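For reference, the structure is listed below as structure tokens.
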Amino acid sequence: MFEIFRTVVMRDLVLALRRRADLMTVLFFFVIVVSLFPLAIGPEMSTLRMIAPGVVWVAALLASMLALERLFAADYADGTLEQMLLTPQPLALLVLGKIAAHWLVTGLPLVLISPLLGLQYGLSGETLLVLLFSLLLGTPALSLIGAIGAALTLGLRGGGVLVSLLVLPLTIPVLIFGSGSVEATASGMGGEGHLYLLGAILVMSLVLAPLAAATALRISNE
Amino acid sequence: MSSRLVNWFKFSSPSTFYPLAGKIGFWSMVVTVVLLAVGLYMSFFVAPTDYKQGEGYRIIYVHVPAAWMSMFLYVLMAGWAALGLVFNTRLSAMMASALAPTGASMAFIALWTGAFWGKPMWGAWWVWDARLTSELILLFLYLGFIALQSAIDDPRRADRACAVLAIVGVVNVPIIYYSVIWWNTLHQGATIQIRGESSMDPLMLTTLLIMTLAFWAYCIAVAMARVRSIILERERETTWVGEMVKEGRA
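For the record, the sequence lines run as chains A and B. With my numbering applied, the first sequence corresponds to residues 177 to 398, in that order. With my numbering applied, the second sequence corresponds to residues 215 to 464, in that order.
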């Protein structure tokens, strides 16, 4: 059973790495959105330090929404997805593999570059570490929750905007606890509580989201 | 036993439910008009003035029922949608899609009247209070449901996709609610509390109860009217609709 999971992850990774430019767009989108805020608000360091957690987190949320469209679209277009639906292996596991690969190529780069962006906003060392950790826990949850929306809107007109409308309200807890952890650390309260809750959300979506996404895929491919 | 089962499932068919929905809808509308007349009169003239908030508090009689209905209708909608997904009954999904616009309008009314209440009481149209925020998110969830429904042309696929969305939403609603509460308290502490008052005057409570029942009846009436239109729209190819239209009963 884990063999099939591994196969799906490796396949999607290979496919993604053959089109590196696509991956870079998501990363650059994230960097550009974060860099726009100082230009709009002004270079006042104390203000920037205050809004940094929220800005980085909202940008990460938007970037992962942008990447969602790509999750199933290519497989849907060339018929691979239909073959996946026909395999005897549990579909939820295949979906989990696809989400894992998707996160590795779109989510993980955001996580890794986030301390650099935090540095631009004048965050201190410990806060940067918490920012990194919160994104490490939060972005997989975003990909998991988003996969449900991506599966539901597969092949619909205006799918991209619709996905955001469906998924964004559901990701609010991740946003709250993610940016909350950084903010709590910055103000000296300690962000552990937020990180635990973020971890709980991740575990719950890890269990439930692939099942819901698999059901949604079956509905979209009837 | 078997006869009871037959009776129970009799109205799960659109053709038998259609006339029943008409009757329920009509009588609910009658009840709505009566209760609203009584309830509005009581809320404006009979219920005592609040010792702290003055006359402005009277919007509670619209605000609170609307907020209750908006929350309850979401659960009800998800319940119908889940039934439709599990048992593959056409009518359950139609009920779910008939409830969605009513629920959204209730959430909107709750927010709107809340803003009217907030301005004189708190001095602001909007505060990022946990209740307000979660009600706003509830409105977004309704809008997502409606948007997904209208984006899919095939009604059967739309029903099933929306059912998944509604169920995911129901799982998420408590998480959203508590995360918003914790977010709010962690940020600034509760500076404004709606629950500051002592227990309610019995007359106020009665008025509120009547208004709540009026809102219930209204939601039932509107949902029934909408489900009848949906039935007609989706079953327009069937013979029973054709016969009904020919006889002029539609």
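Using N, Cα and C, we set each Cβ at its ideal position, and we do this for glycine too. The structure displayed is predicted, hence computed values, not measured ones.
Check, Outcome
"Close beta carbons around B:L379, own chain, < 7 angstroms, minus the five adjacent residues each side", "G358, F359, L362"
"For A:M177 and A:L269, believed in contact at Cβ under 8 angstroms, the rounded distance", "7 angstroms"
"Under 8 angstroms (Cβ pairs) to chain A, residues found in the stretch 289–316 of chain B", "none"
"Buried or exposed (CB count within 10 angstroms, at least 16 for buried), A:V379", "exposed"
"Within-9 angstroms CB hit, B:F354 to chain A", "yes"
"For B:R371 and A:R394, the rounded distance between their alpha carbons", "10 angstroms"
"C-alpha distance - B:Y432 paired with B:D343, whole-angstrom precision", "29 angstroms"
"Burial state of A:L193 (16 or more Cβ within 10 Å)", "exposed"
"Beta bridge counterpart(s) of B:G268 as assigned by DSSP", "B:D264"
"Contacts of B:I476 in chain A (Cβ-Cβ under 7 angstroms)", "Here chain B comprises residues numbered 215 to 464, so residue 476 of chain B is not present and cannot be evaluated."
"Other residues of its chain near B:A292: CB distance less than 7 angstroms, five sequence neighbours each side excluded", "A380, I381, G383, V384"
"Distance between beta carbons of B:T327 and B:L289, contact taken as under 8 angstroms", "According to the sequence as given, residue 289 of chain B is Val; it is not Leu. Between B:T327 and B:V289 the Cβ distance is about 22 angstroms, and since that is not below 8 angstroms, they are no contact."
"B:I366 in three-state terms, based on DSSP", "coil"
"B:S311 - containing alpha helix (DSSP H), residue span", "304–336"
"Min CB distance A:I324 to chain B below 9 angstroms", "yes"
"Cutoff 9 angstroms: B:W339 Cβ touching any chain A Cβ", "no"
"B:E468: first and last residue of the uninterrupted alpha helix (DSSP H) it sits in", "Residue 468 of chain B falls outside the range modelled here, since chain B spans only 215 to 464, and no answer is possible."
"Cβ shell of A:G369 (< 7 angstroms), same chain only, five flanking positions each side left out", "none"
"Chain-ordered neighbours of A:T263 on chain B, where CB pairs are closer than 8 angstroms", "Those within 8 angstroms of A:T263 in chain B number zero; the least Cβ separation is about 21 angstroms."
"Inter-stretch contact at 8 angstroms, needing at least 3 Cβ pairs: the stretch 330–337 of chain B / the stretch 445–452 of chain B", "no"
"Contact check, A:L374 vs A:L313, beta carbons under 9 angstroms", "yes"
"Chain-ordered neighbours of B:V371 on chain A, where CB pairs are closer than 9 angstroms", "Looking at the sequence itself, residue 371 of chain B is Arg, so the reference to Val does not match. Ordered by position in chain A, the residues that pass the 9 angstroms Cβ test against B:R371 are I395, S396, E398."
"Any C-beta of chain A under 9 angstroms from that of B:S284", "no"
"Cα-Cα separation, B:V436 to B:V244", "12 angstroms"
"Own chain residues within Cβ distance below 7 angstroms of B:A428, not counting five before or after", "T246, L249, L250, G253"
"Cut-off 6 angstroms between Cβ atoms - residues of its own chain near B:I434, not counting five sequence neighbours on either side", "S242"
"9 angstroms Cβ cutoff, A:F353 in contact with chain B", "yes"
"Distance CB(A:L338)-CB(A:L332) smaller than 9 angstroms", "yes"
"Of the residues A:G325, A:G334, A:F248, A:L293, the one placed nearest A:L204, counting alpha carbons only", "The sequence shown places Phe at residue 204 of chain A, rather than the Leu named in the question. Ranking A:G325, A:G334, A:F248, A:L293 by Cα distance to A:F204 puts A:L293 first."
"Buried versus exposed, by CB contacts within 10 Å (16 or more), B:I406", "Model confidence at B:I406 stands at a pLDDT of 43, short of 50, so the residue's coordinates are unreliable; what they give is reported in the following sentence. With fewer than 16 other Cβ atoms within 10 Å, it is exposed."
"Whole runs of the alpha helix (DSSP H) within the stretch 263–338 of chain A, excluding any shorter than 4 residues", "267–278, 284–296, 301–328"
"For B:W430, the three-state DSSP class (helix, strand or coil)", "helix"
"Residue-level contact to chain B via CB, A:T329, 9 angstroms cutoff", "yes"
"Contact check, A:L344 vs A:L242, beta carbons under 9 angstroms", "no"
"Chain B residues whose Cβ lies nearer than 7 angstroms to that of A:L332", "A365, I366"
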